[in-house]
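Heads up: the sequence shown runs through residues 174 to 385, numbered per the numbering used here. Here a beta-carbon is modelled for each residue, glycine too, at the ideal position from N, C-alpha and C. The structure displayed is predicted, hence computed values, not measured ones. Before any comments, here is the structure.
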Amino acid sequence: MNIVILGAPGAGKGTQAKRIAEHYGIPHISTGDIFRKQISERTPLGVLAQSYIDRGNLVPDDVTLEVVRNRLAEPDCKEGYILDGFPRNVFQAEALGGITALDAVIDIHVPVSRLMARLTGRRVCPGCGESYHVDTLEGKNTCAKCGENLYRRADDNEATVAERLSVYASQTEPLIGFYNSLGLLKTIDGDKDKESVFAKIRSVLDGLYDNH
Ligand code: AMP
Numbered sequence: 174m175n176i177v178i179l180g181a182p183g184a185g186k187g188t189q190a191k192r193i194a195e196h197y198g199i200p201h202i203s204t205g206d207i208f209r210k211q212i213s214e215r216t217p218l219g220v221l222a223q224s225y226i227d228r229g230n231l232v233p234d235d236v237t238l239e240v241v242r243n244r245l246a247e248p249d250c251k252e253g254y255i256l257d258g259f260p261r262n263v264f265q266a267e268a269l270g271g272i273t274a275l276d277a278v279i280d281i282h283v284p285v286s287r288l289m290a291r292l293t294g295r296r297v298c299p300g301c302g303e304s305y306h307v308d309t310l311e312g313k314n315t316c317a318k319c320g321e322n323l324y325r326r327a328d329d330n331e332a333t334v335a336e337r338l339s340v341y342a343s344q345t346e347p348l349i350g351f352y353n354s355l356g357l358l359k360t361i362d363g364d365k366d367k368e369s370v371f372a373k374i375r376s377v378l379d380g381l382y383d384n385h
């Protein structure tokens, strides 16, 4: 199954994509994670990507497409994949359509009014990628799964989040209509706890897997 997960920044795409990947045994491909790895290794791609990411803007389409094209060509993608954070605009979606055929697009919907607080309070584990919200950490700053110290993403500050939300509204949200018209869209209410959201996603995907 070739799956895309859509949603605003802070909707819980990464969290759910990780669970989907583990449950169905398919690779989780996050363009944001790929860029952050390149940034931490200070590669030329990382240096370029960082200048956009720090401002909350999108990395140029040609650069991003090259990254995705290369990743999808790897052997572990033969049995399917879950793409998280790509496509981010109609140009990328059309280009993706030329590379691969999708089976489903899951849109995790969370009211815009909830996103700023979700993102500015987000803390991430550098080891396993699990994310938390400060309000639920009770003063602790370690990952419940692997014990590592949590960090705050550089682009989770208020100014950058505001720009990311604006970029989402103007460039990424139109993909909901794009994929709906292709009959691929499955909308999930993301304003619930992680387990309930995942249960809903599973019920949608199990139906598709049965027919696959
Ligand atoms: P994410 O981890 O998905 O929130 O992505 C973090 C940042 O990486 C975004 O704000 C963009 O600057 C950049 N990025 C991730 N995916 C893409 C993409 N498909 N196209 C352009 N930029 C991207």
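Excluding the 5 residues flanking residue 259 on each side, which residues of the same chain have their C-beta closer than 6 Å to its C-beta?
By 1-based counting over the sequence shown, the position of residue 259 is 86. Answer for residue 259: 204, 241, listed in chain order.
For residue 223, is the beta carbon positioned less than 7 Å from some heavy atom of the ligand AMP?
Translated into positions along the sequence shown, residue 223 becomes position 50. Incorrect: residue 223 has no Cβ contact closer than 7 Å to the ligand AMP.
Which full runs of the beta strand (DSSP E) of 3+ residues lie inside the segment 244-308, going along the chain?
254-257, 277-282, 295-297, 304-306
Just checking residue 264 against the ligand AMP - is the residue's beta carbon closer than 7 Å to any of the ligand's heavy atoms?
Here residue 264 is taken as the residue at index 91 of the sequence shown, counted from 1. No - the ligand AMP has no heavy atom lying nearer than 7 Å to the Cβ of residue 264.
State the start and end residues of the unbroken beta strand (DSSP E) segment that holds residue 359.
Stepping through the sequence shown from its first residue, residue 359 is reached at position 186. Looking at the DSSP string, the run of the beta strand (DSSP E) that includes residue 359 is 358-362.
Using 8 Å as the cut-off, can you tell me whether the segment 219-229 makes contact with the segment 331-350, which would need three or more C-beta pairs spanning the two stretches below that distance?
yes
Looking at C-beta atoms only, is the number of pairs between the segment 300-309 and the segment 236-250 that lie closer than 8 Å three or more?
no
Take residue 299 and list the residues in its own chain whose beta-carbon comes closer than 7 Å to its own, dropping the five residues that flank it on each side.
Locating residue 299 in the sequence shown gives position 126, where the first residue counts as 1. Contacts found: 321, 324.
On the DSSP bridge assignment, give the partners of residue 177 in chain order.
Sequence index remark: in the sequence shown, residue 177 carries index 4 (1-based). Answer is 256, 278, bridged to residue 177.
Is residue 384 helix, strand or coil when you go by DSSP?
Walking along the sequence shown from the start, residue 384 turns up at place 211. Residue 384: helix per DSSP, three-state reduction.
Within the segment 177-230, ranges of the alpha helix (DSSP H) (whole runs, at least 4 residues):
Here the runs fully enclosed are 186-197, 204-213, 217-226.
For residue 322, name the three-state secondary structure that DSSP assigns.
As a working mapping, residue 322 is identified with position 149 in the sequence shown. In the structure shown, residue 322 sits in a strand (DSSP, three-state: E or B).
Work out the CA separation of residue 313 and residue 278 for me, nearest whole Å.
Residue mapping note: residue 278 aligns to position 105 of the sequence shown, counting from 1. Residue mapping note: residue 313 aligns to position 140 of the sequence shown, counting from 1. Using only the alpha carbons, I get a separation of about 36 Å.
What are the start and end residues of each continuous alpha helix (DSSP H) run of 4 or more residues lying completely inside the segment 327-377, in chain order?
Taking only runs of at least 4 residues, the alpha helix (DSSP H) segments lying wholly in the segment 327-377 are 331-340, 347-354.
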